[in-house]
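A short worksheet on the structure shown next.
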Amino acid sequence: MEFYDVIKERVSVKKYKNDEVEKDKLLKMINSTMRAPSWRNKSSYKLIIVKDEVLKGRISEAILNSGNEAANAVIEAPIVVVFIANPEESGEVDNKELYLVDASIAMEHFVLAATAEGYGSCWVAALDEDRVKEALKIPNNFRVIALTPIGKSDEQVKHNDKKDINDFVFLNSFNNPYTENV
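Numbering follows this note's numbering, in which position 154 of the sequence shown is assigned residue number 216; successive positions increment by one, without gaps.
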């Protein structure tokens, strides 16, 4: 799949088939993640791949708004990938904690690679961090950034309506719409 097709195809999938994620494709997703840029090349993030049904259930219960589609997706998907990061292994500039940025870039690499390999995903960040840490035995010095179920989609998901470029992109100053060649 071409890069821009991957961007267009990526949607939040909340219903999954029970098909296993192929090992070679999972390895491609992992390797894509390992190429993600990070502040000063610190790579303060780690991935935990969860296949165990009991653990997926515990993670699902930790999702805020439990009972919603994302919580069910965590149970249905063949794997869940949890992204964690150690703030002490990254940095902070002007009160911006860069481990959050680093882990988010890494997760997006994983999600886009999953899309390129024909798998669905769904960013989930509204969760009870302590419950996830307890379930997965994550050390206290790490933070849970987000997680995503990964698997073959069992639904047709439509993209949200296209956003108006004038509401999001500005030229030279805030609220000066970028209109060049639009």
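Backbone N, C-alpha and C fix where the C-beta goes; we use that ideal spot for every residue, glycine too.
All figures in this text were calculated on a predicted structure; none of them were measured in a lab.
The segment 109–116 in contact with the segment 137–157 per 3-pair CB rule at 8 Å: By the Cβ test, the segment 109–116 is in contact with the segment 137–157, since at least three Cβ pairs between them sit closer than 8 Å.
Val75 and Glu217 closer than 8 Å at C-beta: Here residue 75 refers to the residue found at position 13 when the sequence shown is read from its first residue. Here residue 217 refers to the residue found at position 155 when the sequence shown is read from its first residue. Note that the C-beta distance between Val75 and Glu217 is below 8 Å.
Residue environment, Pro211, which counts as buried when at least 16 other CB atoms sit within 10 Å: Locating residue 211 in the sequence shown gives position 149, counting from the first residue. Buried, since its Cβ has 16 or more Cβ neighbours within 10 Å.
Same chain, Cβ closer than 7 Å to Ala178, five either side skipped, listed in chain order: Position 116 of the sequence shown, counted from the start, is the residue given in the question as residue 178. Within the same chain, Ala178 has close Cβ partners Met63 and Val68.
Lys158 - partner residues in DSSP beta bridges: Within the sequence shown, numbered from 1, the residue matching residue 158 stands at position 96. Val155, per the DSSP bridge assignment.
Beta strand (DSSP E) runs contained entirely in the segment 200–224, provided each spans 3 or more residues: Correct list: 205–213.
Residue range of the unbroken alpha helix (DSSP H) whose run includes Lys195: Indexing the sequence shown from 1 puts residue 195 at position 133. Glu191 to Leu198 is the span of the alpha helix (DSSP H), which, as asked, contains Lys195.
Helix, strand or coil at Phe236 [DSSP, three-state]: One-based indexing of the sequence shown puts residue 236 at position 174. Reduced to three states, the DSSP call for Phe236 is coil.
Secondary structure of Ser106, DSSP reduced to three states: Numbered from 1 along the sequence shown, position 44 holds the residue referred to as residue 106. Judged by DSSP in its simplified three-state form, Ser106 adopts coil rather than helix or strand.
For Leu126 and Leu209, believed in contact at Cβ under 8 Å, the rounded distance: Here residue 209 corresponds to residue number 147 of the sequence shown, with the count starting at 1. Here residue 126 corresponds to residue number 64 of the sequence shown, with the count starting at 1. A Cβ-Cβ separation of about 12 Å leaves Leu209 out of contact with Leu126 under the 8 Å criterion.
Local conformation of Gly119 per DSSP, three classes: As a working mapping, residue 119 is identified with position 57 in the sequence shown. The answer is helix: DSSP assigns Gly119 an H, G or I state.
N-terminal and C-terminal residue of the beta strand (DSSP E) that Val143 is part of: Residue mapping note: residue 143 aligns to position 81 of the sequence shown, counting from 1. Looking at the DSSP string, the run of the beta strand (DSSP E) that includes Val143 is Ile141 to Ala147.
Exposure of Leu89, with buried meaning 16 or more beta-carbon neighbours within 10 Å: Along the sequence shown, one-based indexing puts residue 89 at 27. Residue burial annotation: Leu89 is exposed, with fewer than 16 other C-beta atoms found within 10 angstroms of its C-beta.
CA nearest to the CA of Ile207, picked from Ala168, Glu242, Asn93 and Phe230: On the sequence shown, residue 207 is found 145 positions in, with the first residue counted as 1. Ranking the options by Cα distance to Ile207, first place goes to Ala168.
Option in Lys214, Tyr161 and Arg193 with minimal Cα separation from Gly119: Residue mapping note: residue 119 aligns to position 57 of the sequence shown, counting from 1. Closest in alpha carbon position to Gly119, among Lys214, Tyr161 and Arg193, is Arg193.
Cutoff 6 Å; reference Ser106; Cβ partners in own chain excluding five residues on either side: Taking the first residue of the sequence shown as position 1, residue 106 is located at position 44. Answer for Ser106: Ala147, Asn148, Glu151, Ser152, Tyr161 and Asp164, listed in chain order.
Proximity below 8 Å, CB of Val143 to CB of Ile111: Taking the sequence shown and counting its residues from 1, one reaches residue 143 at position 81. Taking the sequence shown and counting its residues from 1, one reaches residue 111 at position 49. Yes, the pair counts as a contact, with Cβ atoms nearer than the cut-off.
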